[in-house]
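Participant: One structure, as structure tokens, below. Some questions next.
Structure representation (structure tokens):
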């Protein structure tokens, strides 16, 4: 309790401790390991096919499914 009273009454000590916390935080941040070029794998593809006047099931069956099958057979994951 005595330390807390001294800390609250001594503004210079409070400012020094605050500055020390900031400096140690910055040094810790700079020392953290980071990957330079992380390898990110996106394992999905969005296919949007539009054919005016056709129903959604026709577009999926006649356009989107063949495109997906062609991509699936040529792209390796």
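Residue numbers (the working numbering): 81 to 157. We put the CB at the ideal spot given by N, CA and C, even for glycine. Values in this document were obtained by computation on a predicted structure and should not be read as measured data.
Mapping the DSSP letters down to three states, classify residue 102 as helix, strand or coil.
Facilitator: Helix, per DSSP.
Participant: Can you give the Cα-Cα distance for residue 138 and residue 105, rounded to whole angstroms?
Facilitator: Those two C-alpha atoms are separated by around 59 Å.
Participant: Determine whether the beta carbon atoms of residue 130 and residue 144 lie at a separation below 8 Å.
Facilitator: It is not a contact, given that the beta carbons lie outside the stated cut-off.
Participant: Compare the C-beta of residue 90 against all C-beta atoms of chain C and say whether one is closer than 8 Å.
Facilitator: Structure shown: chain C not included; a single protein chain is present.
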